[in-house]
Amino acid sequence: MFKVYTPQDANRILPELNSRFNEIVLQKNQVVSLQEELQKIIDAGSPFKEFFKKKQDLNRAVSSLYKSIEQLEDLGVMIKSVDEGLLDLPSRRFNEEVWLCWKIGEREIRFWHTKEEGFMGRKPLIPKGSLTVEQTDDLSDLR
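For the record, in the sequence shown the residue sitting at position 100 is 146 according to my numbering, with numbers rising by one throughout.
See below:
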């Protein structure tokens with residue numbers, strides 16, 4: 047599903063995004079652990095039966111991880127990095143497509159960046175009506 051989010055829309059679904067993303071992190075860690083266990087089985091020259099059982103466990107864990115990623119992205123959210131805990135949500139700033147940016151641990155959507163900039167180019171959202179005369183970056187489309 048494709049959706050263009052306002053900061054308010056994004057903040058409304060943030061508890062669900064946070065929950066789903068935390069589950070993805072747990073599943074990813076399980077996949078890594080199973081990969082390590084499988085490598086130990088290979089290194090130890092264990093019997094085929096043990097290898098195939100662990101390999102099937104890994105396959106199920108990988109499938110489950112990808113299904114969870116698909117379900118999260120079906121909400122119109124882009125996972126930028128599982129390791130760094132980064133999600134982006136499509137938005138608009140005037141006529142420009144931009145990303146609303148969220149990092150795991152943040153309590154609300156407070157940043158945005160252009161499509162080209164990424165996380166290092168994050169800029170704070172400024173609540174509507176709080177701009178001063180010195181601020182020229184009107185974010186009225188990000189209401």
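Glycine included, every Cβ here is placed at the ideal spot set by N, Cα and C. Keep in mind that this is a model prediction, so the values were computed, not measured.
Nearest candidate by alpha-carbon position, reference residue i, set the options
i, options, result
"R153", "K49, K74, Q102, I59", "I59"
"E62", "D120, E82, A90, K100", "D120"
"Q54", "P170, M166, I155", "I155"
"S79", "D134, L104, S109, K161", "L104"
"I162", "E142, P170, G91", "What sits at residue 162 in the sequence shown is Glu, not Ile. For E162, the nearest C-alpha among the options comes from E142."
"F48", "R168, F94, M166, L135", "L135"
Separation of residue j from residue i, as counted between CA atoms
i, j, result
"I115", "T52", "22 Å"
"R138", "V50", "7 Å"
"V77", "H159", "31 Å"
"L111", "E96", "23 Å"
"K101", "G164", "36 Å"
"F67", "K126", "11 Å"
"P123", "A107", "Just to set this straight, residue 123 is Val in the shown sequence, not Pro. Going by the C-alpha atoms only, they are around 22 Å apart."
"L118", "E69", "10 Å"
"E82", "I88", "10 Å"
"G91", "P170", "54 Å"
"S109", "F98", "16 Å"
"R168", "N75", "27 Å"
Boundaries (first-last residue) of the alpha helix (DSSP H) holding residue i
i, result
"D89", "53-89"
Helix, strand or coil at residue i according to DSSP, with G and I counted as helix
i, result
"S137", "strand"
"E116", "helix"
"S127", "strand"
"V144", "strand"
"L132", "strand"
"K169", "strand"
First through last residue of the beta strand (DSSP E) which encompasses residue i
i, result
"F191", "Residue 191 cannot be examined here, being either before or after the span of the chain that is shown, 47 to 189."
> Is the segment 143-153 touching the segment 114-133, taking contact as three or more C-beta pairs under 8 Å?
Replying inline: yes
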